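Input: a single structure, listed below in structure tokens.
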Amino acid sequence: MEKITLGPMPYMGVMPTLLVGANVKGTPNYMAAAWATVACMAPPMVCVAINKERYTAQGIEENGTFSLNIPSVHQAVETDHCGLVSGAKEDKSGVFTSFYGKLETAPLAGECPVNIECRVFQSVDLGSHRLYIGEVVEIHADKACLTDGKPDITKVNPIVYGPGTYFGVGSQVERAFSAGLKYRKE
Ligand SMILES: Cc1cc2nc3c(=O)[nH]c(=O)nc-3n(C[C@H](O)[C@H](O)[C@H](O)COP(=O)(O)O)c2cc1C
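Laid out in structure tokens, this is it:
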């Protein structure tokens, strides 16, 4: 394999495509986000990097709460719209049907199969972006997307971010935490 250097950039290969929900001045707002991941097991935490200019950031600062919503591939158009248009310029509250869970200020997008309610645990100013680390207070999942009580990736059918392109999830290649056993036997 011949390698060439590409210079430093915030690259992570594959990323999720999510919607960050926050109430801004009492109105639900959703923005597309790909710079997000799981951050801690116990207590359960997730994190998302949000540019300080985003309207969504105002809402998170206002309430100390936010949601991460996992759209399905058939919601790619609505999701991309939330990544193209700012709530500062256009009301995005009608793009999804909002509901609220335990946190009364974190709007959840009803049409998304999985919704993660978060309370800000800590935020870190990194420069252009602020990393919001959220403690997961509750997860709401569409019954139809569960297998053995857990969200099933083939039923949720999430959008994978390329970057620059939206993909669906491909086929299973191996089983995690067991494929490696074959290596030991060889
Ligand atoms: C697929 C996709 C992923 C994005 N990921 C992020 C992200 O992780 N962080 C961020 O600050 N902006 C991200 N954006 C840009 C925001 O979604 C966009 O600026 C949006 O209009 C902000 O909305 P708001 O001003 O209503 O908060 C992304 C946009 C797209 C289309």
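Here the sequence shown is numbered in the numbering used here, starting from 2 and rising by one per residue.
Ideal placement from N, C-alpha and C gives every residue a C-beta, glycine not left out.
Predicted, not measured: the structure shown is a model, and the values here were computed from it.
Which of helix, strand or coil DSSP assigns to residue i
i	result
K93	coil
T80	helix
V161	strand
V137	strand
C119	strand
K151	strand
L7	coil
V74	helix
K57	It is worth fixing the name first, because residue 57 is Thr in this sequence and not Lys. Looking at T57 - three-state DSSP - the assignment turns out to be helix.
R131	strand
Exposed unless 16 or more other CB atoms sit within 10 angstroms - verdict on residue i
i	result
I61	buried
V100	Note on identity: in this sequence residue 100 is Phe, with Val being the wrong assignment. The residue in question, F100, is exposed, as its Cβ has fewer than 16 Cβ neighbours within 10 Å.
Y184	exposed
G135	buried
F97	buried
T6	exposed
P9	exposed
I154	exposed
L69	buried
Cut-off 8 Å between Cβ atoms - residues of its own chain near residue i, not counting five sequence neighbours on either side
i	result
D92	T28
R1	A query on residue 1 cannot be resolved here, the shown segment of the chain reaching from 2 to 187 and no further.
S129	N52 and K53
A1	What the structure shows of the chain is the stretch from 2 to 187, and residue 1 is not part of that stretch, so it cannot be assessed.
F67	V21, G22, A23, V49, T57, G60, I61, A107, C119, V121, Y133 and G135
Whole-Å CB distance - residue i paired with residue j, under 8 Å assumed
i	j	result
V39	V49	Actually they do not touch by this definition, with Cβ atoms about 11 Å apart.
H146	P108	According to the sequence displayed, residue 146 carries Cys and not His. Actually they do not touch by this definition, with Cβ atoms about 20 Å apart.
Q76	E105	About 25 Å separates the two Cβ atoms, so there is no contact after all.
Residues near residue i by beta carbon distance below 7 Å, same chain, minus five either side
i	result
V86	K93
V157	I71, S73, P114, V115 and C146
Same chain only: Cβ atoms within 6 Å of residue i, ignoring 5 sequence neighbours per side
i	result
G140	Contrary to the premise, residue 140 reads as Ile rather than Gly in this sequence. Only I117 meet the Cβ criterion.
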